[in-house]
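Just so we're aligned, residue 1 is where the sequence shown starts under this note's numbering, counting upward by one.
Ideal Cβ positions, reconstructed from N, Cα and C, are used throughout, including at glycine.
Since we're looking at a predicted model, the values are computed, not measured.
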Amino acid sequence: MQLRGASADALAALLDQLEAALQGGAVAARVGDDLFTVAGLLRSEPSLRRVATDVSVDAAAKEGLVRDVFGGKLDPVAVDLVGSAVGRRWTSGRDLADSLEHLSEVALVRSAGDESGRLADELFVFGQAVNDNPSLRDALSDPARSVEDKAALLGSLLGGKALPATVSLAQHALAGTYRTVGAALATYQQVAAAVHDQRVATVRVAHELSDADRQRLGEALSRQYGRTIHLNVVIDPEVIGGIRVEIGDDVIDGTVSSRLDDARRKLAG
Numbered sequence: 001m002q003l004r005g006a007s008a009d010a011l012a013a014l015l016d017q018l019e020a021a022l023q024g025g026a027v028a029a030r031v032g033d034d035l036f037t038v039a040g041l042l043r044s045e046p047s048l049r050r051v052a053t054d055v056s057v058d059a060a061a062k063e064g065l066v067r068d069v070f071g072g073k074l075d076p077v078a079v080d081l082v083g084s085a086v087g088r089r090w091t092s093g094r095d096l097a098d099s100l101e102h103l104s105e106v107a108l109v110r111s112a113g114d115e116s117g118r119l120a121d122e123l124f125v126f127g128q129a130v131n132d133n134p135s136l137r138d139a140l141s142d143p144a145r146s147v148e149d150k151a152a153l154l155g156s157l158l159g160g161k162a163l164p165a166t167v168s169l170a171q172h173a174l175a176g177t178y179r180t181v182g183a184a185l186a187t188y189q190q191v192a193a194a195v196h197d198q199r200v201a202t203v204r205v206a207h208e209l210s211d212a213d214r215q216r217l218g219e220a221l222s223r224q225y226g227r228t229i230h231l232n233v234v235i236d237p238e239v240i241g242g243i244r245v246e247i248g249d250d251v252i253d254g255t256v257s258s259r260l261d262d263a264r265r266k267l268a269g
């Protein structure tokens, strides 16, 4: 998440506060869901958002308002985080809601515990399913269907098969700040990796990699980038052979199709 100035400082402090609370035994899943609810409320209620981000209003008064509105309704850790958030300065009014949504994502990732790798894989696989299935993509983006109806659809597809954190994040993707469900799921996977000091590599190959090949590639990339690399493997017959790796803005293209394209350009030139 890219923020500037005061907003970046505020988010960093809130992330530290969240981590401390989770290490102290807070229920990460509930905290995540509650923070997402508040982020949505701030976006839908302009008057509340203006008060929450108004620097002329005393910070203690804003924190008191948060406790009056949300106390007893949300997890105490979520109430504390929202109270701290409204007491801070924000470069832009929308940064408050966006940051609370990001905190929600981090909390839900933490709720997966030691199964963070499985969470990342499930987010990727479901994102691929959404991208590759027009009927599912249309059902999830249909403005005539309520968010509740779409969430129920996701629950029926993922419930009992995926981690609870995967289901929650997929349902949040329906109503968050991201342009599409697919974009949200891709971002969630990046968050899941970053929370555990990892990066995500998208690997395109013509045929499935063996477990040994996956391990060798992962280890080689981890040495190169100085941190663990989580692999998303995409089977793409158009690469013909070889491999293409994308990590952030970096692209390592060793595919046969790329070499053929280079040869064609040289012949044409």
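Return yes when the Cβ of residue j is within less than 8 Å of the Cβ of residue i, no when it is not.
i	j	result
Leu-15	Asp-95	no
Leu-157	Gln-171	no
Val-130	Ala-192	no
Val-51	Val-57	yes
Leu-81	Leu-18	yes
Ser-135	Phe-36	no
Nearest CA to the CA of residue i: which residue from the options?
i	options	result
His-102	Phe-126, Val-69, Glu-45, Asp-34	Asp-34
Asn-232	Leu-157, Ala-20, Glu-122	Glu-122
Ala-85	Ala-60, Asp-149, Val-109	Ala-60
Leu-119	Ala-186, Ala-220, Gly-5	Ala-186
Leu-41	Phe-70, Ala-13, Thr-228, Leu-11	Phe-70
Gln-23	Thr-177, Gln-224, Ala-107	Ala-107
Arg-214	Gln-224, Ile-229, Asn-133	Ile-229
Leu-174	Asp-142, Leu-74, Val-200	Asp-142
Lys-73	Val-38, Lys-62, Ser-92, Tyr-188	Val-38
Val-147	Ser-135, Val-181, Phe-126	Val-181
Asp-9	Arg-88, Leu-48, Ala-183, Gly-93	Arg-88
Pro-46	Ala-13, Phe-36, Gly-93, Lys-62	Gly-93
Gln-224	Asp-211, Ile-252, Ala-162, Arg-49	Ile-252
Gly-242	Asp-250, Asp-197, Asp-138, Leu-217	Leu-217
Leu-100	Arg-199, Gly-176, Gly-226, Ala-183	Gly-176
Glu-246	Val-200, Leu-169, Ala-220	Val-200
Val-167	Val-55, Arg-179, Phe-126	Phe-126
Tyr-188	Phe-124, Asp-149, Ala-13	Phe-124
Bridge partners of residue i, per DSSP?
i	result
Ala-201	Leu-231
Asp-250	Ile-247
So, for residue i: in the same chain, excluding its five sequence neighbours on each side, which residues have a beta-carbon less than 6 Å away from its beta-carbon?
i	result
Ala-97	Ala-39, Leu-42, Arg-43
Val-77	Ala-21, Ala-26, Val-31
Gly-254	Gly-242, Ile-243
Met-1	His-102
Thr-91	Arg-4, Gly-5, Ala-6, Ser-7
Leu-140	Lys-150, Val-181
Counting only the same chain and skipping the five closest in sequence on each side, list residues whose C-beta sits under 8 Å from that of residue i.
i	result
Glu-208	Val-233, Ile-235
Val-195	Val-106, Val-109, Arg-110, Ser-116
Asp-197	Arg-227, Thr-228
Might you give, ordered along the chain, the residues of its own chain that have their beta carbon closer than 7 Å to the beta carbon of residue i, omitting 5 neighbours on each side?
i	result
Val-79	Val-66, Arg-67, Phe-70, Gly-71
Ser-222	Thr-228, Ile-229
For the stretch 102-117 and the stretch 10-29, state whether three or more C-beta atom pairs, one from each stretch, are separated by less than 8 Å. yes
Taking 8 Å as the threshold, find out whether the stretch 189-207 comes into contact with the stretch 226-241 through three or more Cβ pairs. yes
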